[in-house]
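First comes the structure, then the notes that go with it.
Protein chains: 2
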Amino acid sequence: MHASLKQYLDGKIMLSPADEEYVDCKFKPRSTKRNEILVEKGDTARHIYFVVKGCLRVFLISDAGNESTRFLIFEGRMGTAFPSFINQRASVAAVQSIEASEILMLSHSDRELLLKNILGWERMERVGIEQDYIASIERIESFLSMDAKDRYAILLRKSPEIVKRLPAKIVADYLGISQETLSRLKAKN
Amino acid sequence: MHASLKQYLDGKIMLSPADEEYVDCKFKPRSTKRNEILVEKGDTARHIYFVVKGCLRVFLISDAGNESTRFLIFEGRMGTAFPSFINQRASVAAVQSIEASEILMLSHSDRELLLKNILGWERMERVGIEQDYIASIERIESFLSMDAKDRYAILLRKSPEIVKRLPAKIVADYLGISQETLSRLKAKN
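Line order of the protein sequences matches chains A and B. Okay, so the first sequence: first residue is 1254 according to the working numbering, each after it adds one. Okay, so the second sequence: first residue is 1254 according to the working numbering, each after it adds one.
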């Protein structure tokens, strides 16, 4: 089994050697280039992605061409254009590899097979989605009740890799603030 | 089994008569008064609530005393201060019954028993939480990429009961806009 995937699953689920092999063969490796688009807006997201190396971005594009970053998927994490993948409908968001990346792709139908055939997969997914949902609730809270300064301070504490590693433009639109405001906040910290 | 709960579970899970009885006895009925607080900010949410009649509100209170409505739970739906309930930690949000309500309460430990003992409960919860997570992603999208007018139009289309039934103050803070902006939008529609 791919070492990063094994590390991800360790502690979340107990797999027999046969199960490990079955799981491993469902995740298809792929290398992506910097800025490569994996899911276009309007397409259906056919896969969920596990990031071995690099970083993926899920983002919105307005009719005027403005982008807003909804979600970032770093090494050792899984993600996709979730509403599109789960309900197999056209995606509002696009998915892009913002660095040259190594990913493992699990298709929608293979995920159904894992849910059906691997004891404990359902539980692992339920627990994982609970925590993803909690993270999104906390992000909604930050939009409802915090200003740009507080949102930046929390991002710096919870996900410093976003601030350190990504272009200012992406950090700013992830926070829903302008690049000028971000520069001012960075200068103060 | 309570008729509303039976209706909620129909189509989501197949239960034997014995299972039905087991599930039913885990949901404890309670009547609440208008504006009664069920979970205080800083408490741990011990229950998830199924609303038979009425409406619950999950909301934030800033240090300055300003409220923002994070989530509304209407008849036939379940909800709570989710991050607090799932991780059994102090809640950032409070839960209030904004109308006199009839609710059924499932405790954290009884939920664990249902997950363990009722075949299909895990799957039902996983599928339910996926859809709740999708709804929260769509709300994040609305904050990232829409103005007040678009957010109001979508609320009117997706959840007209929120606009019709609740006080303007709650509708406005659910949308993250002022009451004045809401009045202007209502006048135009």
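In this text, a Cβ means the ideal position worked out from N, Cα and C, and glycines have one as well.
Just to confirm the assignment, what range does the alpha helix (DSSP H) spanning residue i have?
i: residue 1293(A); result: From DSSP, residue 1293(A) is part of no alpha helix (DSSP H); its letter is neither H nor E.
i: residue 1433(B); result: 1432–1441
i: residue 1336(A); result: 1335–1340
i: residue 1381(B); result: 1374–1398
i: residue 1279(A); result: 1270–1279
i: residue 1426(A); result: 1421–1428
i: residue 1265(B); result: Note, residue 1265(B): premise wrong, no alpha helix (DSSP H); not H, not E.
i: residue 1406(A); result: 1401–1411
Could you tell me which of the options sits nearest to residue i, measuring between CA atoms?
i: residue 1282(B); options: 1376(B), 1360(B), 1393(B); result: 1360(B)
i: residue 1439(B); options: 1421(B), 1397(B), 1368(B), 1303(B); result: 1421(B)
i: residue 1276(B); options: 1256(B), 1433(B), 1313(B); result: 1256(B)
i: residue 1382(B); options: 1294(B), 1308(B), 1339(B), 1296(B); result: 1339(B)
i: residue 1441(B); options: 1409(B), 1427(B), 1428(B); result: 1409(B)
i: residue 1354(A); options: 1289(A), 1425(A), 1272(A), 1318(A); result: 1289(A)
i: residue 1268(A); options: 1367(A), 1428(A), 1387(A); result: 1367(A)
i: residue 1308(A); options: 1356(A), 1384(A), 1399(A); result: 1356(A)
i: residue 1398(B); options: 1429(A), 1379(A), 1378(A); result: 1429(A)
i: residue 1352(A); options: 1372(A), 1424(A), 1286(A); result: 1286(A)
i: residue 1271(A); options: 1318(A), 1371(A), 1314(A); result: 1371(A)
i: residue 1297(B); options: 1274(B), 1333(B), 1314(B), 1329(B); result: 1333(B)
i: residue 1330(A); options: 1314(A), 1258(A), 1348(A), 1364(A); result: 1258(A)
i: residue 1358(A); options: 1365(A), 1386(A), 1321(A), 1279(A); result: 1279(A)
i: residue 1349(B); options: 1314(B), 1336(B), 1373(B); result: 1314(B)
What first and last residue would you give for the beta strand (DSSP E) that runs through residue i?
i: residue 1320(A); result: 1320–1327
Who pairs with residue i in a beta bridge, going by DSSP?
i: residue 1355(B); result: 1284(B), 1306(B)
i: residue 1360(B); result: 1300(B)
i: residue 1349(A); result: 1290(A), 1310(A)
i: residue 1343(A); result: 1297(A)
i: residue 1331(B); result: 1303(B)
Inset, instruction - Take every Cβ of the segment 1412–1428 of chain A, pair it with every Cβ of the segment 1322–1339 of chain A, and state whether three or more of those distances are shorter than 8 Å. - result: As far as the Cβ criterion goes, the segment 1412–1428 of chain A touches the segment 1322–1339 of chain A, which means the pair count is three or higher.
Inset, instruction - Take every Cβ of the segment 1260–1272 of chain B, pair it with every Cβ of the segment 1419–1435 of chain A, and state whether three or more of those distances are shorter than 8 Å. - result: No, the segment 1260–1272 of chain B does not touch the segment 1419–1435 of chain A.
Legend entry - Three or more C-beta pairs below 8 Å linking the segment 1400–1410 of chain B and the segment 1303–1310 of chain B: no
Inset, instruction - Would you check if the segment 1330–1344 of chain A and the segment 1279–1293 of chain A touch, i.e. whether three or more CB-CB distances between them fall below 8 Å? - result: Judged by Cβ distances under 8 Å, the segment 1279–1293 of chain A makes contact with the segment 1330–1344 of chain A, as three or more pairs qualify.
Legend entry - chain A contacts from the segment 1330–1343 of chain B (Cβ-Cβ distance under 8 Å): Cβ contacts with chain A come from 1335, 1336, 1339, 1340.
Inset, instruction - Note down, in chain order, all residues in the segment 1404–1427 of chain B with a beta-carbon under 7 Å from any beta-carbon belonging to chain A. - result: Only those residues of the segment 1404–1427 of chain B whose C-beta falls short of 7 Å from the nearest C-beta of chain A would be listed, and there are none.
Legend entry - Selection of the segment 1388–1399 of chain B by Cβ proximity to chain A, strictly under 8 Å: 1389, 1390, 1391, 1392, 1393, 1394, 1396, 1397, 1398
Inset, instruction - Give the residues from the segment 1367–1378 of chain A that approach chain B closer than 7 Å (Cβ to any Cβ), ordered along the chain. - result: 1375, 1376, 1378
Legend entry - Under 7 Å (Cβ pairs) to chain B, residues found in the segment 1315–1330 of chain A: 1315, 1321, 1323
Inset, instruction - For the segment 1273–1297 of chain B, enumerate the residues whose C-beta is nearer than 9 Å to any C-beta of chain A, in chain order. - result: none
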